[in-house]
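Number 456 marks the last residue of the sequence shown (this note's numbering); no jumps. Okay, structure first, notes after.
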Amino acid sequence: MKRFLIVLLILAVISGFVFAAGQQDKNSTAASGNTIPVIRIVGKDFSPADDVNIQFLAKVQAGLEEYTGQKVKLELVKVPDGAYKEKLNLMLMGGDIPDLIYFQGGDEAIAKQGLLVDLKPYVDNSAVMQKVLMEFNKKRIANYPYLLWIAPPRARVALVREDWFKEAGGKTPVTVDDYYNLFKTLKKNHPDAFVMTDTGNTNRMDFTFEQAFGETATWIKQGGSYVYKKVSDAEKKKLAFYQKLYKEGLFDKDYITTKWDTMEDKLYTNKVALVFGTSGVVCDIYDTKLKKNQGVGLVALPPAKGVGQGYAVSTAKETRGWAISAQSKNPDLVFKLLEFMATDEGQ
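Now the structure itself:
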């Protein structure tokens, strides 16, 4: 009997140690889990269902951890299918407010409720942001202190195949007539290809030609008063030029049904000589892909010179940019994420 009681006592002690150890492990795990802050992110076309996005986010997370010297977990939040602006606002109004939010319009209603952090003090005290922000970016954040958008103006640049351009004489066009003569030569040398295409409208081409025809602002002076540029005499002249290009087979007959991906495909498969790409990294991508596949690069052409010259930048855009939720438990760390993405390493 005594031996039996001793055995029971030993088993009880062992059980106690096992239970205590188990509880300690659980508490340790919970504590360590709590030390890793989670940043929830929502963005347009940035779905957690896409493996490419997840792989990209993993790289950003690793870079952010190195930048800050602390562990962090980044999570993507799915927005219901449909128009991003409306679905995002419905999600936010429903109480699901991620730490980092990308807005493309619809931000004002959320900001008025005090749900977004004032980013101006962060930006003012960030050496990184002061270095990368252009003057107009700084003025923008003065008017919209809860939105950070450091992208440069998105001008579309005319890019022509280098080999075809040299074959056509290699002389950089200046005026609209110079462009027309270049187009005619390109078509003569490559009759099976169109000179250029666009994506459903002529918005990309407009960056190169509209100022030359006199569309130097959104509202332009005509006959002693101001008229909207799209109903101006300058617009009529520009459209007449486009019509001429279309009739002579210089402008892609299928441009109205062409999307951005098929536009790029036409460039890579020698169906067009010239496309209009967003200045910066997009132009670099086009150039790199063409060099890799055909061993030839692209030449960037300047905007045509006429009544005016330059790339017009529309200011009639919805407000867009990244905002930090006022309900975030880690707003400083969230801003560090934005700061990291603005560095050379983050890019």
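Just so you know, even glycine gets a beta-carbon here, dropped at the ideal spot from N, CA and C.
Label residue i either buried or exposed according to how many other C-beta atoms from any shown protein chain fall within 10 Å of its C-beta, with 16 as the threshold for buried.
i, result
"Lys-135", "Because the pLDDT at Lys-135 is just 39, under 50, the model does not fix this residue reliably, and the point stays unresolved."
"Val-181", "buried"
"Pro-262", "exposed"
"Thr-327", "exposed"
"Lys-221", "exposed"
"Pro-84", "Residue 84 falls outside the range modelled here, since the chain spans only 110 to 456, and no answer is possible."
"Tyr-337", "exposed"
"Asn-219", "For the sequence presented, residue 219 should be read as Ile rather than Asn. Looking at its Cβ environment, which holds 16 or more other Cβ atoms inside 10 Å, Ile-219 is buried."
"Val-304", "buried"
"Ile-150", "buried"
"Gly-278", "exposed"
"Leu-348", "exposed"
"Gly-152", "buried"
"Phe-165", "exposed"
"Lys-158", "Strictly speaking, residue 158 in this sequence is Ala, with Lys absent from that position. So Ala-158 counts as exposed."
"Asp-154", "exposed"
"Val-161", "exposed"
"Lys-168", "exposed"
For residue i and residue j, what's the separation of their Cα atoms in angstroms?
i, j, result
"Gly-417", "Val-340", "18 Å"
"Ala-260", "Val-285", "30 Å"
"Ala-321", "Ala-409", "17 Å"
"Glu-448", "Val-237", "7 Å"
"Ile-394", "Lys-400", "10 Å"
"Phe-212", "Pro-189", "15 Å"
"Tyr-335", "Asp-342", "12 Å"
"Asp-363", "Lys-356", "13 Å"
"Arg-265", "Glu-184", "33 Å"
"Met-450", "Pro-146", "18 Å"
"Gln-403", "Glu-244", "40 Å"
"Gly-191", "Val-381", "34 Å"
"Gly-142", "Leu-201", "Its pLDDT being 48, under 50, Gly-142 is placed unreliably in this model, and the value from its coordinates should be taken loosely. Distance between the alpha carbons of Gly-142 and Leu-201 is about 26 Å."
"Val-241", "Leu-407", "27 Å"
"Glu-276", "Asp-361", "21 Å"
"Phe-292", "Glu-454", "41 Å"
"Lys-353", "Leu-209", "48 Å"
"Gln-239", "Lys-247", "9 Å"
"Trp-273", "Gly-323", "30 Å"
"Leu-199", "Lys-330", "42 Å"
"Lys-375", "Leu-173", "38 Å"
Please report the Cβ distance between residue i and residue j, rounded to the nearest whole angstrom; I am assuming they are in contact, meaning their Cβ atoms lie under 8 Å.
i, j, result
"Thr-367", "Asp-307", "7 Å"
"Ile-365", "Gly-309", "6 Å"
"Ile-148", "Leu-359", "So it is not a contact: roughly 50 Å between Cβ atoms."
"Tyr-377", "Lys-398", "6 Å"
"Ser-156", "Lys-187", "6 Å"
**OP:** Could you tell me whether the segment 300-308 touches the segment 434-445, where touching means 3 or more Cβ pairs closer than 8 Å?
**Re:** The segment 300-308 vs the segment 434-445: no contact.
Original post:
What runs of the alpha helix (DSSP H), each 4 residues or longer, lie entirely inside the segment 144-219?
Top reply: 160-177 and 193-202
**OP:** Scan the segment 289-355 and note each continuous beta strand (DSSP E) run of 3 residues or more that stays entirely inside, going in chain order.
**Re:** 303-305, 328-331 and 334-337
Original post:
Between the segment 222-238 and the segment 277-296, do at least 3 Cβ pairs fall closer than 8 Å?
Top reply: Below 8 Å, too few C-beta pairs join the segment 222-238 and the segment 277-296 to call them touching: fewer than three.
Original post:
Pairing CB atoms from the segment 309-319 with CB atoms from the segment 367-387, are three or more of them under 8 Å?
Top reply: yes
Subject >> Three or more C-beta pairs below 8 Å linking the segment 169-177 and the segment 439-446 >> reply: yes
**OP:** Tell me the start and end of each unbroken alpha helix (DSSP H) in the segment 224-260 that is at least 4 residues and wholly inside, in chain order.
**Re:** 229-233, 236-241 and 244-252
Subject >> Minimum length 4: unbroken alpha helix (DSSP H) runs contained in the segment 389-456 >> reply: Those alpha helix (DSSP H) runs which fall completely within the segment 389-456 and span 4+ residues are 390-403 and 440-450.
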